[in-house]
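Q: I'd like to ask you about the structure that follows.
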Amino acid sequence: MTSAQIDVLLVAVVVAAACAIPGTFLVLRRMAMMSDAISHTVLLGIVLAFFVVADLGSPILIVGAALVGLLTVVLVEATSRTGLVREDTAIGLVFPALFSIAVILISSLAGDVHLDSDAVLLGEIAFAPFNRFAPFGVDLGPVAIWVMGAILLINLACTALFFKELKLATFDPALAAALGFSPALVHYGLMALVSITAVGAFDAVGSILVVALMVGPPAAAYLLTDHLPRMLGLSVLIGATSAAGGYWLARLLDANIAGAMATAVGIAFTLVLLLAPRRGLVAAARRRRRQRWTFARQMLLIHLATHEGTPTESDESHPDHMQRHMRWPADFSARVIQTATDRGLVVLEAEQLRLTPHGREAAKEAAVR
Amino acid sequence: MRIGLRTGGALAIQATDLTLAYQQQPVLWDVDLEVPQGVLMAIVGPNGAGKTTLLRAVLGLLKPAAGEVLVFGQPYADQRRRVAYVPQRGSVDWDFPTTALDIVTMGTYGGLGWVRRPGTSERTRAAAALAQVGMESYADRQISQLSGGQQQRIFLARALVQDADVYLMDEPFQGVDATTERAIVELLRALRADGKTVVAVHHDLQTVTEYFDEVTLLNVRRIAGGPVDRVFTEENLRLTYGGRVAGIGGRAVGNDLEPSS
C-alpha cells in the first residue's frame, strides 16, 4: 500500500469510529433519521460561516455547522410540537428546506469557491491525503485525520464523562428530569456531538456515508449484545471494519470509495441480521423449528399420559392413531414417534406406544407449564 | 399511622389551585392536593382525569398554568432528594441494552450528581433494594427478559434505592400478577411503617379501602379527598365517574361537576 492509501484508510477508520459513538445513542433514542437531517443541513452552517470568515479551512466553519445542526433539531421539534405533523414528517420538511437554502447559496453566491454540492453528498475521501496539515512546514499528515481524530476524542470524552446521564436520559427521561438531570440539556449536547461529527466527517466522506456510519454499525451492534458499553465498542468495531472493507472493495471494483464503504456497512448489517447468535434470523428460524419438534413430542407424551390406564388405552396408544388425532402428516408423525423413542421417552410394544418412567416425568413437566 | 406526624410539621405534599393545560386544553382545573406525612394515598379517577398529569406536576416535569406545589413546605426543586418516582412501566423501552441491577442503580444517580459515576457502594445499595423486592437472583438479567411484574418490581427497587421520604407511583399495580400485587402491598406497608409517604395512581376501585389510608378522587377537578372511610363513598364515586360507579372508561365532563368536599 502506498502512503496515500494508508492515509485514506486511516481517515476512513477514524471517521467510522467517531460516527458510531453518537450513532449508538441516536439508534437507542429512535432518532436515527435525525442523523440524515443533520448531516445535510450542516452544509448551511458551513456556507454561512464561510461568508463570515471567507476561509474554507477555518474552524469557525465547524462551529457554524454545529449551530445549524442544533437549529435543525429545534425546528424539527417545534414543527412536531404543533401537534399537526409527526416527527418523521417534520424531519422531512425541515431538512430539505435548510439543505436547499445552502445549495442555492453555493450555486448563486459562491460559484468560484471550492464548495460544490456533489462533494457534499458523496465526499471525496480519495483527495483527503492531498490536504496536508503542515504547520511551520512540517508535514504531520492529512488535515482530515487531525480533524476527525479530534472529533473522535471529543466524542469519547463526552461519552465517558456523561455516560450515566446519557444512559438515564435515553432510558427514562422523566426520571432524569425528576432527579435534576435536564434531559433537554443531554439531548442538545448529544445533538451537538452529532452535528460536529457530521460536519467533520462529511468533508471527508460525504453525508450519505455519515448516515450509513451513524446508523448501520449501532443497529448491527444492538442485535449482538444486551450491554450498552459493549454495544458502543461493537459499533466502533463494526464501523471501522466496514470502512476498511469498503476501501478494499472500492479498490477491487475501482469504484467510488464512500459508496463502497456505505455498501460494506449494509453488507455487515445484513450479515449480523442473518447470523447474530440469539436475535439473528437464522437463529430464530432454528429456534422455531426446534420448538415445533419439542411441542409435537410434548403433545404425544401428554396424549399417552392422559389415556394411560383408561379402557380406550389400546386404541389411543396405537402409533397410527397419532397422525389422525394430532392431524399430523404421516411422515411427521413417524419422525415424532421416532425421536421420542430415541430419547427414551416412549417404547413400542406390541403395536402400542407406552410411556417410559422418564417419558411420564416429561409429560407431567410439560403439562404443568 | 403515627398521629404525631399528622398534626406536627408541614404536609408531605401540598398543591394549591393547581391548573395545568396541554395546548390550552385544561387537564387539571384548580386542583388542591394535601398529602399528610406517613400515609398511603390513592389517586383515583376515570381515564383522562389528569392523574398522571398531577403526579408529573408535583415532580416539576410539567409547568402549571397556575397554582403551586410544595413538598415538605418547599418547592420541589429544593426537595428532589426526598422524592422518589415510579413511572408507568409502559413509559420506557424495555429493549434497552442493560441489566436489572443497572436500572436499579439509576436510583442512586440523584445523589451522585453530574459526572460522578456509581461505584461499589451504589451497586451494593442497588443489590440490597433488589433483594427487598425479591429480585436478587435477577440482578444480571437483561431487562427485556423480565415479566411485567418483575419489571414493576425493578422500578420499585429503583425508587427504594433513592431512600426518599415521599414515593410517587403511577399505577404500580398495572398488569402485575396476584403474587406481585401482594408483594407490592407489603412493600407499601413497610414504607408507611418507616414513616414514609406514598401517593399512587390506582385503578382498581375494589382494593382502595384495603390498600390505602387516604384517597383523592380526581376528574379534571378534585372531587373529594381525605381519609378513605370518610371520602370513598358511593356518592363521591358517582360524582367522579359521572354516574357510572363501576364504569372504568366512562369519561365524565369534569367541568360540570361540583366539588363536594
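Heads up: the sequence lines are chains D and R, in that order. The opening residue of the first sequence carries number 74 in the numbering used here; numbering runs sequentially from there. The opening residue of the second sequence carries number 28 in the numbering used here; numbering runs sequentially from there. For every residue, glycine included, the Cβ atom is placed at its ideal position computed from N, Cα and C. Predicted, not measured: the structure shown is a model, and the values here were computed from it.
Using a 10 Å radius around the Cβ and a threshold of 16 neighbouring Cβ atoms, would you call W56(R) buried or exposed?
A: buried
Q: Closest by CA to F254(D), which one among L47(R), Q41(R), Y136(R)?
A: Y136(R)
Q: Just to confirm, is the Cβ distance from A207(D) to C92(D) under 7 angstroms?
A: no
Q: Taking Cβ positions only, does Y136(R) come closer than 7 angstroms to chain D?
A: yes
Q: Using a Cβ-Cβ cutoff of less than 6 angstroms, which residues in the same chain neighbour N338(D) once the five nearest sequence positions on both sides are dropped?
A: First, the residue type needs correcting, since residue 338(D) is Val and not Asn in the sequence shown. A285, G289, S315.
Q: If you measure between the beta carbons of D276(D) and P202(D), is that distance less than 7 angstroms?
A: No. Outside cutoff.
Q: Starting from R363(D), trace the alpha helix (DSSP H) both ways and give me its first and last residue.
A: 354–380
Q: Roughly how many angstroms lie between the CA atoms of N43(D) and I218(D), to the nearest whole one?
A: For residue 43(D) there is no data in the structure shown, the boundaries of chain D being 74 and 442.
Q: Quick test of your reading: V160(R) and A220(R), contact by CB under 8 angstroms. State the CB separation rounded to the nearest angstrom.
A: 16 angstroms between Cβ atoms; not a contact.
Q: Are T125(R) and P145(R) touching if we call contact CB-CB under 7 angstroms?
A: no
Q: Rounded to whole angstroms, what is the Cα-Cα separation between P73(R) and E198(R)?
A: Their backbone Cα atoms lie some 13 angstroms apart in a straight line.
Q: In three-state DSSP terms, what is G96(D)?
A: G96(D): helix per DSSP, three-state reduction.
Q: Whole-angstrom Cβ separation of L99(D) and A105(D), contact assumed at under 8 angstroms?
A: 5 angstroms
Q: Step through the CB atoms of chain R and report whether any lies within less than 7 angstroms of the CB of D161(D).
A: Closer than 7 angstroms: no.
Q: From I119(D) to Y295(D), what distance separates their C-alpha atoms?
A: 33 angstroms
Q: Closest by CA to P114(R), which one among R397(D), A249(D), T152(D)?
A: A249(D)
Q: Any idea what DSSP makes of A85(D), helix, strand or coil?
A: helix
Q: Use the C-beta contact count for D299(D): other C-beta atoms within 10 angstroms, 16 or more gives buried, fewer gives exposed.
A: buried
Q: When DSSP labels each residue in this structure, what does Q52(R) get in the three-state scheme?
A: strand
Q: When you compare only the Cα positions, how much space is there between V309(D) and R107(R)?
A: 37 angstroms
Q: Of the residues that make up the segment 276–301 of chain D, which ones have a beta carbon closer than 8 angstroms to any beta carbon in chain R?
A: Answer set for the segment 276–301 of chain D: Y295, T298, D299, H300, L301.
Q: Could you give the distance in angstroms between the alpha-carbon of A127(D) and the alpha-carbon of V141(D)?
A: C-alpha separation (whole angstroms): 18 angstroms.
Q: Can you round the beta-carbon distance between V119(R) and Y103(R) to whole angstroms, since I take them to be within the 8 angstroms contact cut?
A: Their Cβ separation, rounded to whole angstroms, is 22 angstroms, which puts V119(R) and Y103(R) out of contact at 8 angstroms.
Q: Is the segment 319–336 of chain D touching the segment 370–379 of chain D, taking contact as three or more C-beta pairs under 8 angstroms?
A: The segment 370–379 of chain D and the segment 319–336 of chain D do not touch, with fewer than three beta-carbon pairs separated by less than 8 angstroms.
Q: Closest Cβ-Cβ distance between F302(R) and chain D: below 7 angstroms?
A: Chain R is shown from 28 up to 288; residue 302(R) falls before or after that span and cannot be answered.
Q: Whose C-alpha, out of Q50(R), V203(R), L81(R), Q172(R), is nearest the C-alpha of V62(R)?
A: L81(R)
Q: Would you please state the rounded distance, in angstroms, between the beta carbons of T224(R) and A69(R)? I believe it to be under 8 angstroms.
A: The distance from the Cβ of T224(R) to that of A69(R) is about 13 angstroms, inconsistent with a contact at the 8 angstroms cut-off.
Q: At a cut-off of 6 angstroms, is H380(D) close to the ligand MG when judged by its beta-carbon and the heavy atoms of the ligand?
A: The model on display carries no ligand, and the ligand MG is accordingly not part of it.
Q: Tell me which residues share the same chain as A77(D) and place their Cβ nearer than 7 angstroms to its Cβ, disregarding the 5 neighbours each side in the sequence.
A: P202
Q: Any C-beta of chain R within less than 7 angstroms: which residues of the segment 96–128 of chain D qualify?
A: L101
Q: Unbroken beta strand (DSSP E) runs of length 3 or more, entirely within the segment 54–90 of chain R: which are they?
A: Scanning the segment 54–90 of chain R from its first residue to its last, the whole beta strand (DSSP E) runs of 3-plus residues come out as 67–71.
Q: Beta strand (DSSP E) containing N204(D): first to last residue?
A: Element bounds for N204(D): n/a, residue is neither H nor E.
Q: For Q101(R), which of helix, strand or coil comes out of DSSP?
A: Three-state DSSP puts Q101(R) in a strand.
Q: Report the residues of the segment 228–239 of chain D with a CB closer than 9 angstroms to any CB of chain R, ordered along the chain.
A: L234, F235, F236, K237, E238
Q: Less than 7 angstroms between the beta carbons of G432(D) and V441(D), yes or no?
A: no
Q: Can you tell which of A163(D), R154(D), L116(D) has the C-alpha that lies nearest to the C-alpha of S53(D)?
A: Outside the modelled stretch of chain D, which goes from 74 to 442, sits residue 53(D), for which no answer is possible.
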